[in-house]
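Here's the structure we're looking at; comments come further down.
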Amino acid sequence: MNKSQLANTLDHTLLRANITREDLTELCRTAMRWGFHSVAINSAVVSLCRETLGDSPVVCDATVGFPLGQTSVESKVFETRDAIKNGAGEIDYVVDLVAIKSGDWAYVEDEMYRITSTCRELGAGCKVIFETCYLTDEEKERLCEIACRVHPTFIKTSTGFGTPAPGVPNGATIEDIWLMKRCVGDEVLIKASGGIRTTEQALNMLEAGASRIGTSNGVAIVEGFVE
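Here my numbering runs 11 ahead of the position in the sequence shown, where the first position is 1.
Given below as structure tokens:
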């Protein structure tokens, strides 16, 4: 792997609420300058970012149902369609954690199927955010089993906005990447996201089985890579 290849695994992320349009413009310019795979943004600003990116190969990666996942399937499907219409090439949606914690796996599978199908119909990639900090290993495994039936493009660890119990990481862990990779094999790709700030962390996640990294520290990660 060289610096260019590493950069192309990164979703360059800016999901805070208290930012400006100038911040988003700079995000896009940085992604183009460094050759990141995408800019990961909230769905309301897809049009602005796609316009800034122009003909660049950098993808607009829009979040849906973010960060809590607590909107109806119909709302998530509408937000998905709207984001893709406005220029998103990938969608990162948050699963319904209440359904998971209530054991309503039929709902979870139907939601994943409908959003994945919408993305497939409109030619966009689909990533399913698990929010692993709230889940047991058994729940993570059940989600992986569903993903192997539905085939979204990626399953993803975290939003980075979780607020777990003390001592529980709110982002990606090597152990979760191992678990997810063991469950899905080559059926579904894996995105590690949340708390990844260094070159070493990013490389460890990729070695463990991730194919994509979500981070707001992309420049530092690529700069720290020694070929």
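For each residue, glycine too, the CB sits at the ideal point set by N, CA and C.
Asked: Three-state secondary structure assigned by DSSP to residue 66; Found: coil
Asked: CB contact flag (residue 231, residue 183, <9 angstroms); Found: no
Asked: CB contact flag (residue 96, residue 122, <9 angstroms); Found: no
Asked: Beta-bridge pairing of residue 165 - partner residues as DSSP gives them; Found: 138 and 200
Asked: Pairwise C-alpha distance: residue 140 and residue 94; Found: 17 angstroms
Asked: Helix, strand or coil at residue 21 according to DSSP, with G and I counted as helix; Found: strand
Asked: Integer-rounded CB distance, given that residue 15 should sit under 8 angstroms from residue 46; Found: 6 angstroms
Asked: In chain order, each alpha helix (DSSP H) run of at least 4 residues that lies wholly inside the stretch 62 to 138; Found: 84 to 96, 108 to 112 and 116 to 133
Asked: Pairwise C-alpha distance: residue 118 and residue 156; Found: 14 angstroms
Asked: Cα-Cα separation between residue 229 and residue 28, rounded to whole angstroms; Found: 20 angstroms
Asked: Cβ-Cβ distance between residue 105 and residue 79 below 9 angstroms; Found: yes
Asked: Any C-beta of chain B under 9 angstroms from that of residue 126; Found: Note that chain B does not occur in the displayed structure, where there is just one protein chain.
Asked: Sufficient close CB pairs (3 or more, under 8 angstroms) joining the stretch 142 to 159 to the stretch 192 to 208; Found: yes
Asked: Classification of residue 49 by the beta-carbon crowding that lies within 10 angstroms, buried from 16 upward; Found: buried
Asked: Strand pairing of residue 221, partner residues [DSSP]; Found: For residue 221, which the question treats as bridged, DSSP gives no partner whatsoever.
Asked: Buried versus exposed, by CB contacts within 10 Å (16 or more), residue 151; Found: buried
Asked: Residue nearest to residue 113 in terms of C-alpha spacing, selected from 69, 147 and 132; Found: 147
Asked: Outcome for residue 65 when other beta-carbon atoms lying within 10 angstroms are tallied against a minimum of 16; Found: exposed
Asked: In DSSP terms, what residue 53 is bridged to; Found: 74
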